[in-house]
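S.K.:
Number of protein chains: 2
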Amino acid sequence: MNDDIASPGRKLMARLDEFARFSDEEGRLTRLYLSNAHRQAAQQYVAWCREIGLAAGIDASGNVWARYEGKQPGAPALMIGSHIDTVRDAGKYDGNLGALAALAVVEELAKKGERLDIAVEIVAFGDEEGVRFPTTLTGSRAFAGLFARSSLDQKDADGISMREALTNFGCEPEAVATLRGRNVAAFVELHIEQGPVLEAENLPVGIVTAINGATRFHCTLRGLAGHAGATPMNLRQDALTAAAEMILMIEARARSENDLVATVGRLEVEPGAVNVIPGEARFTIDMRAPRDAQRQRAVNDIDKQLIAIAKARNVELISVHTHEAGAYICDPRIVAGLKAAVERIGKPARLLPSGAGHDTMIMGQLCPAGMLFVRCKGGVSHNPLESITVEDCEIGFAALMEFVRGFKAAT
Amino acid sequence: MNDDIASPGRKLMARLDEFARFSDEEGRLTRLYLSNAHRQAAQQYVAWCREIGLAAGIDASGNVWARYEGKQPGAPALMIGSHIDTVRDAGKYDGNLGALAALAVVEELAKKGERLDIAVEIVAFGDEEGVRFPTTLTGSRAFAGLFARSSLDQKDADGISMREALTNFGCEPEAVATLRGRNVAAFVELHIEQGPVLEAENLPVGIVTAINGATRFHCTLRGLAGHAGATPMNLRQDALTAAAEMILMIEARARSENDLVATVGRLEVEPGAVNVIPGEARFTIDMRAPRDAQRQRAVNDIDKQLIAIAKARNVELISVHTHEAGAYICDPRIVAGLKAAVERIGKPARLLPSGAGHDTMIMGQLCPAGMLFVRCKGGVSHNPLESITVEDCEIGFAALMEFVRGFKAAT
């Protein structure tokens, strides 16, 4: 490892610590879209851009954006970056790692006066998490020309509309829907994995092949509440034992194929007394897979088996699909380029799908896109315990740098 | 069926309706131990006793008690009755049926001036449900000489001690622990089944063989919360899927033997979000069986399998036995006597265990004891929907009457 105190990886880690002070809540990191903390963070990002001679701007949706010209002014741009909003009580790396790594890449080029065949654009999206308003990914949606004007009327928990919040931030709400990045040849995002795969395989980085599509269900089972002592087993219509059978069926189906995952994250039981047979159980299912057809087959199988189990156990089933999002297959050229870059810096190039959603899946609607993951401790994210090592940060940054230097725009 | 408007069964049903007006809550039946509604109900019971020439009294614990002499004054007594306290938002029959049926039996004898070889004592226990204070079955415990003086210091939700409540009710708290019924040859309780067995078999009444013993557990499972999209199935420590496997194991073990029941009535999942793998699951187990050895074998098996499942799934298990109560085997002579009585009135005599606890299991410590069940609609109890038919009430009453007339005290 590079022990130089001023190595780009170490400097990046120090900046991530410094950047984490921009928070809407004392004592923990919470940085909501268009909040005071977001404004301070955006201004700091702009200031850091200026330090290296870059004229950064804040677009109509609150994204910070800057361009480092290539050898020829007006060349197509490779865009790199991520988001700088956070969940409540967040870690320091989700989003911020990619946004500040993009800045570090350009800093490295600028320091040496190095110009590439392409321009490099960097971005710090203002909203990915969707914590403040009901919608998510506002920043990349706006940049990709996919912002729905109706979103302006959404309100936060204090009754402030997105329109008002944009105005207070100094943005022009009516211009958001007409934003669209121009002449962007590709988008690449560095991000923490938010899962345990790289750690389990002892790998510092991974190349994302696809961002999983997702289907969510809400299921309600209605059986018959009864006295736990007075009702023989064969006369029961127990909503919870039915749910338990369904949960194990869902788990078994997800285990039957690589890259498919399914989770029952919520389960509530009524009436919920120690001596009463559950009359009702409500639970959620979240299913994800990198290929839509794979996910759809699993959804169909689970739908059928839910019905069969409910019938066999004589409980009523109400099952509603509440959310459906297609997978984004990362651009094969970007995947190949990232793989080659990781191998050139002497690291194993593990390909893996992303279970979580990212700005990349939106930017993929605008241009070829891809992602590079950095291992995070225990796979923990959305939590102050979120952690990466300096060494992994160094490797992630080096791989991104290598990719940027080697990138050729399609002709 | 007896269509006479004044038939004992019809009169009993009418009285149960009338009695249900004594409630601590407007619009629903809630009659807590030593409450105003309890006082009114007890006074009404005393008044009805007086109407048939019986000198009823209220004992130191709030039980209403009266004696109908036999041919010889001072003869051993057969005691019949049940409790007149209720759960919150109760039905009209749990407890009250047996208490008012006892009164109806004596009324029937008194009306005809009929004297038996034995005396008949009737009782309306003041607390069986244990809703107001932490302990249950205060009335029968006191009568059986099993009241623990320390119970007097228990407080209700308003901070009123049982001692104060007894004093306010007009009772003598210090005398409760020295109460004990004298010269009681046997105790028999008529009660609704509170389960679905008789209805499923289309039978109006059943004879209880045993009151099930019970073991309760609280289990906590600690796995690892994680991102529902980003954590592959093989790297999960899902507390809920572990709980689901345990729930089905418990169900299968209970189904493997007659008369054994097991219920997981409560289950809570943390953090309980649609897109987060459950890191913690907490649930209760309630196990009951008419034979202690049978229950103990099942408890041991389940204990072992809980540990095995937790180990195989790499989740931490904390399992605590929170409650343990031995079974009460009903007195064989009483069971035989009730069976013969039911057959004499021309009905099938179904023997079955009681899954719920009853005053009979306490009175069984004082004297031979047994129970007669009346079918209830859907097995529903502890609920305003609690319901029995006039016909079944008639049959239950007739069987009890027949038993009382045929009862011979052991010599």
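Protein chains in written order, with our numbering: chain A, 10 to 420; chain B, 10 to 420. Built from N, CA and C at the ideal position, the CB exists for glycine as well. Here the structure is a predicted model, which is why all the values come from computation and not from measurement.
1. Strictly under 8 Å for the Cβ-Cβ distance: is G288 (chain B) near chain A by that measure?
2. When the distance is taken between beta carbons, is G135 (chain B) closer than 8 Å to G71 (chain B)?
3. So, under 8 Å CB-CB, E418 (chain A) and A252 (chain A) are touching, yes? Tell me the CB distance rounded to an integer number of Å.
4. Can you tell me whether D26 (chain A) is helix, strand or coil according to DSSP?
5. Looking only at its own chain, which residues have a Cβ that is under 8 Å from the Cβ of F156 (chain A), when we skip the five neighbours before and after it?
6. I'd like to confirm the pairing. Which residues does DSSP put opposite T272 (chain A) in its beta bridges?
7. Give a yes or no on whether 8 Å exceeds the smallest Cβ distance from E325 (chain A) to chain B.
8. Within the 8 Å Cβ cut-off, does M370 (chain B) reach chain A?
9. Taking C-beta to C-beta, are P393 (chain A) and R97 (chain A) nearer than 8 Å?
10. Between the beta-carbon of L87 (chain B) and the beta-carbon of V413 (chain B), is there less than 8 Å?
11. Determine the direct distance from the alpha carbon of A50 (chain A) to that of F28 (chain A), and round the result to whole angstroms.
12. Along the stretch 29-42 of chain B, what residues have a CB closer than 8 Å to any CB found in chain A?
13. So with CB distances below 7 Å, who are the chain A contacts of G241 (chain B)?
14. Should A408 (chain B) be labelled buried (16 or more other beta-carbon atoms within 10 Å of its own) or exposed?
15. Is DSSP giving P362 (chain B) helix, strand or coil here?
16. Taking a contact to mean a Cβ-Cβ separation below 8 Å, would you say D165 (chain B) touches R172 (chain B) in this structure?
17. State the start and end residues of the unbroken alpha helix (DSSP H) segment that holds V344 (chain B).
18. What first and last residue would you give for the beta strand (DSSP E) that runs through T224 (chain A)?
19. If you measure from the beta carbon of N284 (chain B) to each beta carbon in chain A, is any gap under 8 Å?
20. I'd like to know if L363 (chain B) contacts chain A, where contact means its C-beta is closer than 8 Å to some C-beta of that chain.
21. Exposed or buried, what is T369 (chain B) when buried is set at 16 or more other beta-carbons lying within 10 Å of its beta-carbon?
22. Using the C-alpha atoms, what's the distance from G154 (chain B) back to L375 (chain B)?
23. Residues of chain A with CB under 9 Å from L230 (chain B), in chain order?
24. Do you know offhand how far G415 (chain B)'s Cα is from G346 (chain B)'s?
25. So, at 6 Å on beta carbons, what are the nonlocal neighbours of A111 (chain A) in its own chain, with the 5 sequence-adjacent residues on each side left out?
26. Would you grab the beta carbon distance between T224 (chain B) and I286 (chain B) for me? Rounded to a whole angstrom, and I think it's under 8 Å.
27. Determine, using beta-carbon pairs with one atom in the stretch 384-391 of chain A and one in the stretch 201-219 of chain A, whether at least three such pairs fall under 8 Å.
28. Distance, Cα to Cα, E400 (chain A) vs E183 (chain A)?
29. 8 Å is my cut-off, CB to CB: does V217 (chain A) come that close to chain B?
30. Closer than 7 Å by beta-carbon distance: list the chain B residues that pair up with E352 (chain A), in chain order.
31. Run through DSSP, which three-state label would L161 (chain A) get?
32. Which residues does DSSP pair with S328 (chain A) in a beta bridge?
33. List, in chain order, every chain A residue whose beta-carbon is nearer than 7 Å to that of L276 (chain B).
34. Do we get a CB-CB distance below 8 Å when we pair H236 (chain B) with the residues of chain A?
35. Keeping to the same chain, check which residues put their C-beta closer than 6 Å to that of R297 (chain A); ignore five residues upstream and five downstream.
36. Tell me the DSSP bridge mates of G235 (chain B)?
M.R.: Straight from the coordinates:
1. no
2. yes
3. The identity of residue 418 (chain A) in the sequence shown is Ala, whereas the question assumes Glu. Actually they are not in contact, since the Cβ atoms of A418 (chain A) and A252 (chain A) sit about 53 Å apart, beyond 8 Å.
4. Shown here, D26 (chain A) sits in a helix according to DSSP, grouped into three states.
5. S70, T147, R150, V185, A186, L188
6. A:D295
7. no
8. no
9. no
10. yes
11. 7 Å
12. So nothing in the stretch comes that close.
13. The sequence as given places Pro at residue 241 (chain B); Gly does not occur at that position. In chain order: V206, V270.
14. buried
15. It is a strand residue.
16. For D165 (chain B) and R172 (chain B), no; Cβs fall outside 8 Å.
17. Counting along the chain, the alpha helix (DSSP H) containing V344 (chain B) begins and ends at 341-353.
18. 222-231
19. By this cut-off, N284 (chain B) is an interface position.
20. Before going further, note that residue 363 (chain B) is Ser rather than Leu in the sequence given. Yes, because at least one Cβ of chain A sits closer than 8 Å to the Cβ of S363 (chain B).
21. T369 (chain B) comes out buried.
22. 8 Å
23. Those do not exist, as L230 (chain B) stays about 13 Å from chain A at its closest Cβ, beyond 9 Å.
24. Computed Cα separation, rounded: 8 Å.
25. Closer than 6 Å at Cβ, skipping near neighbours: I89, G90, I131.
26. With 8 Å as the limit, T224 (chain B) and I286 (chain B) do not qualify as a contact, their Cβ atoms being about 31 Å apart.
27. yes
28. Roughly 44 Å separates the two Cα atoms.
29. no
30. Going along chain B, no residue has its Cβ under 7 Å from E352 (chain A), so there is no contact; the nearest lies around 24 Å.
31. helix
32. A:C228
33. Those within 7 Å of L276 (chain B) in chain A are L249, L276, V278.
34. yes
35. Apart from the 5 residues on each side of it in sequence, R297 (chain A) sits with its Cβ closer than 6 Å to the Cβ of N221, A223, V270, G364 in its chain, given in chain order.
36. Answer by DSSP bridge pairing, in chain order: B:I286.
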